[in-house]
Structures are given as structure tokens and as C-alpha cells.
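So the structure is just underneath, and the comments pick up after that.
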Amino acid sequence: MNMTNISKSLRVPVILLAAFFSVASPVSAIDLAAVEAEWTPPDSATPIPMWGFIADPGSCPAGPVAWDVGPLQVGSPGATLTINLRNCLSEPVSLVIPGQNATLTPVVQGNRVTAFTHEAPAGGTASYTWNNIKAGTFLYQSGSNPAKQVHMGLYGALTVGTYYQATDEALLLYSEIDPALHATAAAATPLTYKPKYFLINGDAFAAGQAVPVVSANAQVNKNLLLRFVNAGLMAHVPVMQGPYMKIIAEDGNPYPYAREQYSVLLAAGKTLDAIWRPEQSGTHALYDRSLSLSSNGAPGGGMLVYLNVQPFPWILFMPAITGAGR
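Throughout, my numbering is defined as the position within the sequence shown, counted from one, plus 124.
Structure representation (C-alpha cells):
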């Protein structure tokens, strides 16, 4: 347990499987492509080479596209999810969703596992299926040489179901970029990993820029579901200065009891679900307590966002006055 993160344990049962809305079990088919991309850092006009997942355009792009995190995928509890992957890269790529059950066929070369499941070869395609997907927040990512390919940008988020007590939700996807690793992706190694840029939802905040705002629909005294996802190679500690939140699930697995904390330990590759009930309107800072608060070495940037909370829309009702003057 994180010594500074965990403040209290609430004796309030959290029954996530029932708490998330369930619907009939539909079949969802998603078409993605793994492509070359570029990301322009906030302090430079020189783009950094990336790889990324995009909605499959039907053929491989002629050149690098503007990089962003993979498209958000939204599923229903109990559904069958199929992802068809087109590989536009020069090496094999695969897809895994940690926390969701699937039949995996690892790729082995000699005594070494090089991929957690079957791959789409360079220029080829492959399909991946998950049956009876469970509720929660998940990271989908490349299962091939993940120490390199995930860092290169092959990741995105999957959300399944919505918590019945929450009127809105916000996704917070954490990641990092080490330009040195990206410059030589073919021979890159994470052993000398030193990230320079720290991102939330694919954006890196830098000094002098407006702080990114998340969740404009949050309201005072209304529950907000915070979905934390870490696609980076480092642990991060999202913290709210003052307010507390209830941590209800980890990697899609519900806690038997909610934990009330003002910060969370978000390990590499992990997801956490939390409920926050803001008591005041305005902007509430959410930042990384592990001090990933710089942009290419310059302070005043990094992993900082504002959660925007609107006042509760009170409606004053006055009944009609009848019999006036009598």
C-alpha cells in the first residue's frame, strides 16, 4: 500500500459487477491500423517519430499521420469484442487488453517470448476477439515487444459500462516520451529510458501554456467517475490538493470496499477507477505527485490538468399566485 496515498478505508461495499449498467450482449467489431506518426512537442517545431493506432482508413497512409493516443473504445458488459488490426509498420504488431480474458497464442523465438499473442505481420492483418468482456477501465496495447512498441505510442483506452452512481466521467491516460528512444526505434532499448515529456490524454503541458481542462460536465454535489490509465513505463501518483476520492476498482477488478484517498499510486500498465464528488465549483488541479512536472527539463509543465466543475443548476420554482386581491 502507498504510505501517503491511502488515508482511510470505507466500510461501504462496492459491488461493481452490479453497479455498472448491464445490457444485452451485443457483438462489437472495431477496425484499427498501426501506423507511423509524428508528435510535435510544445517546446519545439521538430516532430518526434511515433507509432500509433488509428481508425483503419482501409489502406495504409502514404506518410506519417499526426500522433494521438489510440481511439477510445467503449464496450458493453458481457459483449463480444473483435478488433481487426491492419499493420502498416515494418515489424509485426499484436493487440492485448490486460484484464480481459482471451485465448492467447504467444510467439516464441528460441527461448524468448517476443509477443503475447498472434501477430499481424508487416503489411498484413490479424483479428483479436474477447468474449463476455467485463466492466471497468482497461488499456489496449501492442503485445509485441511491448517495452518498445507501447512506448512508441501503440496504446489506447477501453471503457466498459458506466458506474450507476456517477452522472459523468473523465478519462485520464498517462504516458511519457523519451525522444532518444524514438529517434532510433529499430534499435531502441528501454534500458536507458529517460523520458523528457509527460503526457495526459496525449498532451504535454508546458510553462506559458493554458493548463488543459478535463470534464467540463462535472457538477457540484454530483458523482464524477475518474478513469485513470497508465500507458507509460514509469509509475505516477495523481493527486488532488484537498478533495478526497473513493477508489472502487483496479484493472477492472472491483474492491470489496472503497478506499478514500486524495491520491492514487498508478503503476505502469495499471488502471484505477475512482469516484469524486466535488463540493465546490471551479477548476480543481490534478497533478503528478511523483513530480513529472517538467517539459524537456523546463519546470512548470508536465502532468497537470484542471478538472472543471460547474455549479449545480438550481431551479427556483414559484407556484402561481391565485386569488390575488381578495
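Just so it is clear, CB atoms sit at the ideal spot from N, CA and C, and this is done for glycine as well. Please read all numbers here as calculations on a predicted model, not as lab measurements.
Check your understanding: Hey, would you say Tyr-252 sits closer than 7 angstroms to Gln-265, going by beta carbons?
Key -> Along the sequence shown, one-based indexing puts residue 252 at 128. Along the sequence shown, one-based indexing puts residue 265 at 141. Their beta carbons are not under 7 angstroms apart, which means Tyr-252 does not touch Gln-265 by this criterion.
Exercise for review: Measure the C-alpha to C-alpha separation of Tyr-381 and Cys-212 and round it to an integer number of angstroms.
Suggested key: Taking the sequence shown and counting its residues from 1, the one referred to as residue 381 is at position 257. Taking the sequence shown and counting its residues from 1, the one referred to as residue 212 is at position 88. Distance between the alpha carbons of Tyr-381 and Cys-212 is about 45 angstroms.
Point to revise | alpha helix (DSSP H) segment containing Gln-273, residue limits | key: Mapped onto the sequence shown, residue 273 falls at position 149. 270–273 is the extent of the alpha helix (DSSP H) around Gln-273.
Exercise for review: Please classify Lys-320: does DSSP put it in a helix, a strand, or coil?
Suggested key: The sequence position of residue 320 within the sequence shown is 196, counting from 1. Residue state for Lys-320 is assigned as coil, using DSSP reduced to three classes.
Point to revise | Closest residue to Asn-358 among Phe-352, Glu-243 and Pro-319 (Cα-Cα distance) | key: If you number the sequence shown from 1, residue 358 lands on position 234. Just to set this straight, residue 358 is Met in the shown sequence, not Asn. If we check each option's Cα against that of Met-358, Pro-319 comes out closest.
Check your understanding: Roughly how many angstroms separate the alpha carbons of Leu-431 and Pro-195, rounded to a whole number?
Key -> Position 307 of the sequence shown, counted from the start, is the residue given in the question as residue 431. Position 71 of the sequence shown, counted from the start, is the residue given in the question as residue 195. Near 21 angstroms, if we compare the C-alpha coordinates of Pro-195 and Leu-431.
**Study point:** Alpha-carbon to alpha-carbon, Val-237 and Phe-322
**Key:** As a position in the sequence shown, residue 322 is number 198, starting the count at 1. As a position in the sequence shown, residue 237 is number 113, starting the count at 1. The straight-line gap separating the alpha-carbon atoms of Phe-322 and Val-237 is approximately 29 angstroms.
Review point. Is the beta carbon of Ala-473 sitting closer than 7 angstroms to the one on Leu-263?
Key: It is not possible to answer for residue 473, since the shown part of the chain is limited to 125 through 450.
Exercise for review: Please determine if the stretch 173–186 and the stretch 150–160 are in contact, where contact requires at least 3 C-beta pairs separated by less than 8 angstroms.
Suggested key: The stretch 173–186 is in contact with the stretch 150–160.
Review point. Are Val-284 and Gly-199 touching if we call contact CB-CB under 7 angstroms?
Key: Indexing the sequence shown from 1 puts residue 284 at position 160. Indexing the sequence shown from 1 puts residue 199 at position 75. Yes; because the gap between Cβ atoms is below 7 angstroms, this pair is in contact.
Check your understanding: Would you say the stretch 241–258 touches the stretch 216–227, given that touching needs at least three Cβ pairs under 8 angstroms?
Key -> Pairwise C-beta distances place the stretch 241–258 in contact with the stretch 216–227, as three or more of them are shorter than 8 angstroms.
Check your understanding: Can you list, in chain order, the residues of its chain whose CB lies under 6 angstroms from that of Leu-205, leaving out five sequence neighbours each side?
Key -> Position 81 of the sequence shown, counted from the first residue, corresponds to residue 205. For Leu-205, the CB contacts under 6 angstroms within the same chain, skipping 5 residues up- and downstream, are Ser-152, Gly-199, Trp-254 and Ile-257 in chain order.
Check your understanding: Of the choices Asn-347, Ala-304 and Ala-334, whose alpha-carbon is the least far from that of Glu-293?
Key -> Position 169 of the sequence shown holds residue 293. Among Asn-347, Ala-304 and Ala-334, the Cα nearest to that of Glu-293 is on Asn-347.
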